[in-house]
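Trainee: Here the protein sequences come in this chain order: A and B.
First residue of the first sequence? That's 1 in my numbering, and the numbers climb one at a time after it.
First residue of the second sequence? That's 1001 in my numbering, and the numbers climb one at a time after it.
Backbone N, C-alpha and C fix where the C-beta goes; we use that ideal spot for every residue, glycine too.
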Amino acid sequence: MDSFVLLKKTLPTFIEKLSDEYDVFAPTRKDNIFEYKLISKPSDINLDFVNSRLPPKSILLQQTETLFKFKPGRKGKILPKEISEDKKIIFAIRPCDAKSFSILDTVFDSDFKDPLYLSKRENSVLIGLSCNNPGVNCFCTSFGDSPTSSKFVDILFTDIGEKFFVETISDKGKKLVEKITDLFEKATEEDKNLKDSAEKEAIDTIKRNMKLEGVVEKLDEIFESQLWHSIAMKCIGCGTCTFLCPTCHCFDMQDEATLKEGARIRVWDSCMYSEYTMHASGHNPRPARMNRVRNRVYHKFSYFPKNSEYTACTGCGRCIEFCPVNIDIIDVIAKVREVKV
Amino acid sequence: MVNQEQLVDAVKKTVSREDVKYVVGYEKGTYGCEVTPSFAHSSEEAEKFIFTPLCVHNLAIYPKLEEKLPLGRDEKEDTRKIGLVVKGCDSRAVVQIIQEKGLKREDVVLIGIPCTGVVNPKKLKSRYPNYAEIVEIEEKDSSFSIKFNEENHTIPKEELLFDACINCEYPNPPIYDILIGEEIKSTNKETYEKVKVVESKSQKEKWAYWEEHFQRCIRCYACRDACPLCYCKECMVDQLDPRWVRRSVNLSENTAWNIMRALHLAGRCVGCSECERVCPMDIPLTELNKKLEKNIMEIYDYIPGISEEAKPLLGTFKPDDPEEFIL
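1. Can you tell me whether residue 1219 of chain B is helix, strand or coil according to DSSP?
2. Could I get the ranges of all uninterrupted beta strand (DSSP E) runs contained in the segment 1056-1116 of chain B, with 3 residues as the minimum, in chain order?
3. What separation, rounded to the nearest whole angstrom, lies between the Cα atoms of residue 1118 of chain B and residue 1153 of chain B?
4. Compare the Cα-Cα distances from residue 1326 of chain B to each of B:1303, B:1299 and B:1293 and report the closest residue.
5. Compare the C-beta of residue 5 of chain A against all C-beta atoms of chain B and say whether one is closer than 8 Å.
6. Is the CB of residue 51 of chain A under 8 Å away from at least one CB in chain B?
7. Would you report the Cα separation of residue 1204 of chain B and residue 62 of chain A, rounded to the nearest angstrom?
8. Could you name the residues of the same chain whose beta carbon sits closer than 7 Å to that of residue 1155 of chain B, not counting the 5 residues immediately before and after it, in chain order?
9. Can you name the start and end residues of the beta strand (DSSP E) that residue 5 of chain A belongs to?
10. Buried or exposed: residue 262 of chain A, going by 16 or more other Cβ atoms within 10 Å of its Cβ?
11. Just to make sure I have the definition right: I need the residues of chain B whose C-beta is within less than 8 Å of the C-beta of residue 63 of chain A. Which are they?
12. So, with DSSP's three-state summary, where would you put residue 1124 of chain B?
13. At 4 residues or longer, what runs of the alpha helix (DSSP H) sit wholly inside the segment 208-278 of chain A?
14. Check this for me: beta carbons of residue 1272 of chain B and residue 1124 of chain B, under 8 Å apart or not?
15. Contact criterion: CB-CB distance below 8 Å. Does residue 287 of chain A meet it with respect to chain B?
16. Can you list, in chain order, the residues of the segment 235-264 of chain A whose Cβ is nearer than 7 Å to any Cβ on chain B?
17. Would you report the Cα separation of residue 1014 of chain B and residue 1061 of chain B, rounded to the nearest angstrom?
18. DSSP state of residue 162 of chain A, grouped into three classes?
19. Please compile the residues from chain B whose C-beta is within a distance smaller than 8 Å of the C-beta of residue 208 of chain A.
20. With H, G and I counted as helix, E and B as strand and the rest as coil, what does DSSP make of residue 342 of chain A?
21. Quick check: the Cα distance between residue 1042 of chain B and residue 1050 of chain B, rounded to an integer number of angstroms?
22. Three or more beta-carbon pairs under 8 Å between the segment 1011-1029 of chain B and the segment 239-246 of chain A, yes or no?
23. Relative to the C-alpha of residue 174 of chain A, which residue among A:216, A:127 and A:42 is closest?
24. Just tell me which of B:1163, B:1080, B:1221 and B:1314 has its CA closest to the CA of residue 323 of chain A.
25. Please go through the same chain and pick out, in chain order, the residues whose beta-carbon is closer than 6 Å to the beta-carbon of residue 1046 of chain B, but skip the five residues on each side of it.
26. Exposed or buried, which one is residue 74 of chain A when buried takes at least 16 other CB atoms within 10 Å?
27. Which residues in chain A sit within 7 Å of residue 1246 of chain B, going by Cβ to Cβ distance?
28. What did DSSP end up calling residue 168 of chain A once you bin it into helix, strand or coil?
29. Using 10 angstroms around the beta-carbon of residue 1079 of chain B, count the other beta-carbons present and answer buried if the total reaches 16, otherwise exposed.
30. Among residues of its own chain, excluding the 5 on either side of residue 1064 of chain B, which ones have a beta-carbon nearer than 8 Å to its beta-carbon?
31. Report yes or no: is there a C-beta of chain B within less than 8 Å of the C-beta of residue 275 of chain A?
32. Helix or strand or just coil, what does DSSP make of residue 175 of chain A?
33. Check each candidate in A:30, A:218, A:47 and A:167 and name the one with the smallest Cα separation from residue 131 of chain A.
Okay, here's the thing in structure tokens:
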């Protein structure tokens, strides 16, 4: 890992240089909503944010994506889709959201290698931005991560006042900085100290904490608990928690066609919908909201840690913040631990 | 302010009735200004019930949300009543559902609360973005007193209320079984200010305005799920054959969804603003609903959900109904 500093006033030049070779996605603001968007100029960027409303998973796993096109009818044929190799930069991604890509990799880079996700993933460079002011519902530290973690990014930026403290982590990151090395200066010991104190301050800001010890084992024992009924009673079954979740990745596939042309698309789906598990026969293996609420918790906190090295939650807090009825995942896990077997 | 003791007593009395399954009300949430729906199956569980200006949720969704799973061989359907804590607009939603025969009056026991307006959490959060401790809030005449970080802040009510609450003409529940406190005499008059702003735009500008909002929609359907009047067994957007709205999330399909949602609520929407509150993408859905409310009032002199005896607007016909708008 090498450390540099980049003067804040040099940031626009840095972004412009990147734009020559890459599609740069960065946080932009519209009213109260921050969103990662393809930017056309450095001034589109707004870094005055806690986190984006929709997670940046929407860049690698777009909400609606065409798998291939076709011509319907007797003389119909499939028109395969060319997989784009466009190089992307996701600038100012938060460490929690960067981690979500490593979690998504375990899904899309497993038995079946998903070409659409993986081509985008391989062609993306993640430039992280440390979270100096975590939000009210942030709890990444509960997973052993930090708001200034560099573990899942290629390059990490940390705001240290007049400058960004820049750490190059992966080979991808190092190569990128090498090409424009004249924009950077070597970091001094003082810069490093400023980063360390920013990290300490950020960690101290985090007020909420999820205790995870024993949760995987406990969940094995309480599948039939009344707890799931009581949570599901207030759940209104909207998919907000899953749509805003950086690790939720379920999608539906549909053929959408006119008489002349059609496309097979995939589009985000949500396990909170009854239709999600509806069989063609009319049988629904998760018939009630209880089954669906329970599945969301088990998928993230039981099935995932059993099958990979991760819990499928990064502590970004979006589902807590935007649940219309205050179903709070930190509270749910606390209640799981309290249930008497 | 609602008398806490009186509320808890009323809930206890209701939940103790043999013909009542449970009562739905509010309890403190897990952080900040959050309040969460609460279900009391017993008198003990009624103790945690509260009513504050943060009790935003329209609990009238819950009777229709209750799932009726297939019964076992010896099981009988539980037909007992559901108790609901209702504000003015919540009670209007119940009236509207009863009019439409979605519920029977005897299915519910209503604990009515004359409401002086509830706080829009989005407005509160934008003022105090970073809090985890429970925020305490009290209503004092025309302002809210908020205790936050050990400090008391006084904020004029209209800066925090939902837009729909500021000029709410129906603060009292039109139907109830028990009323907490006294009915409020309201002199409010809905002025449709925001609707008029959009109305004054040219057709092109109107499209541009709504397109900008609709293109953000992620079609999570939280607006539908939080709406007490959206209780179709199967929503048109979930139907696959025929497919009224495609699953693709793009401006065209999003527009179709949002317009159809609004139109399906014409003459039915009671203006509680729940759709707008729960929208994760901040689409100003109330403006659409209010526009339809205004048109319907002007054309048919009809206000949804204020009288149990009235017939639903779309279920009635009068030979002298105006029809100037028919092309």
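Mentor: Based on what the coordinates show:
1. As a working mapping, residue 1219 of chain B is identified with position 219 in the second sequence. It is coil, neither helix nor strand.
2. 1081-1086 and 1108-1112
3. Position 118 of the second sequence, counted from the start, is the residue given in the question as residue 1118 of chain B. Position 153 of the second sequence, counted from the start, is the residue given in the question as residue 1153 of chain B. Going by the C-alpha atoms only, they are around 17 Å apart.
4. Walking along the second sequence from the start, residue 1326 of chain B turns up at place 326. Residue B:1299 is the option with its Cα nearest to residue 1326 of chain B.
5. Numbered from 1 along the first sequence, position 5 holds the residue referred to as residue 5 of chain A. No, because no Cβ of chain B sits closer than 8 Å to the Cβ of residue 5 of chain A.
6. Mapped onto the first sequence, residue 51 of chain A falls at position 51. Judged by the 8 Å Cβ criterion, residue 51 of chain A is not in contact with chain B.
7. As a working mapping, residue 1204 of chain B is identified with position 204 in the second sequence. As a working mapping, residue 62 of chain A is identified with position 62 in the first sequence. Cα to Cα, the separation comes out at about 30 Å.
8. Position 155 of the second sequence, counted from the first residue, corresponds to residue 1155 of chain B. Around residue 1155 of chain B: 1143, 1144 and 1146.
9. Counting from 1 along the first sequence, the entry for residue 5 of chain A is found at position 5. Residue 5 of chain A -> beta strand (DSSP E) spans 2-7.
10. As a first step, residue 262 of chain A is located in the first sequence; it is residue number 262 there, counting from the start. So residue 262 of chain A counts as buried.
11. Sequence index remark: in the first sequence, residue 63 of chain A carries index 63 (1-based). Near residue 63 of chain A (Cβ distances below 8 Å), the residues of chain B are 1218 and 1249.
12. Position 124 of the second sequence, counted from the first residue, corresponds to residue 1124 of chain B. Here residue 1124 of chain B sits in helix by DSSP.
13. 215-221, 226-234 and 240-243
14. Residue numbering aside, residue 1272 of chain B sits at position 272 when the second sequence is read from its first letter. Residue numbering aside, residue 1124 of chain B sits at position 124 when the second sequence is read from its first letter. No, the Cβ-Cβ distance between residue 1272 of chain B and residue 1124 of chain B is not below 8 Å.
15. Here the question's residue 287 of chain A lines up with position 287 in the first sequence. For residue 287 of chain A, the answer is yes, since a Cβ of chain B falls inside 8 Å of its Cβ.
16. 236, 237, 238, 239, 240, 243, 244, 252, 254 and 256
17. As a working note, residue 1014 of chain B is residue 14 in the second sequence. As a working note, residue 1061 of chain B is residue 61 in the second sequence. Cα to Cα, residue 1014 of chain B sits roughly 19 Å from residue 1061 of chain B.
18. What you label residue 162 of chain A is simply residue 162 of the first sequence in a count that begins at 1. Of the three classes helix, strand and coil, the one that applies to residue 162 of chain A here is coil, per DSSP.
19. Position 208 of the first sequence, counted from the start, is the residue given in the question as residue 208 of chain A. Result: 1031 and 1132.
20. Look at the range of chain A in this structure, 1 to 341, and you will see that residue 342 of chain A is not part of it.
21. On the second sequence, residue 1042 of chain B is found 42 positions in, with the first residue counted as 1. On the second sequence, residue 1050 of chain B is found 50 positions in, with the first residue counted as 1. Cα to Cα, residue 1042 of chain B sits roughly 16 Å from residue 1050 of chain B.
22. no
23. Start at 1 with the first residue of the first sequence, and residue 174 of chain A comes out as number 174. Nearest C-alpha to residue 174 of chain A: A:127.
24. Working through the first sequence from its first residue, we reach residue 323 of chain A at position 323. Of the listed residues, the one whose Cα sits closest to residue 323 of chain A is B:1221.
25. Start at 1 with the first residue of the second sequence, and residue 1046 of chain B comes out as number 46. 1008, 1011, 1012, 1015 and 1040, listed in sequence order.
26. Counting from one through the first sequence, the residue named residue 74 of chain A turns up at place 74. Per the 10 Å Cβ criterion, exposed.
27. The sequence position of residue 1246 of chain B within the second sequence is 246, counting from 1. By Cβ distance, chain A contributes 256.
28. Translated into the one-based positions of the first sequence, residue 168 of chain A becomes position 168. Strand, per DSSP.
29. Residue numbering aside, residue 1079 of chain B sits at position 79 when the second sequence is read from its first letter. Under this definition residue 1079 of chain B is an exposed residue.
30. For the purposes of this step, residue 1064 of chain B is taken as the residue at position 64 of the second sequence. Here the set comprises 1097, 1102, 1103, 1228 and 1231.
31. Locating residue 275 of chain A in the first sequence gives position 275, where the first residue counts as 1. Residue 275 of chain A counts as touching chain B.
32. Translated into positions along the first sequence, residue 175 of chain A becomes position 175. Helix.
33. The residue you call residue 131 of chain A lines up with position 131 of the first sequence. Nearest of A:30, A:218, A:47 and A:167 to residue 131 of chain A, Cα basis: A:47.
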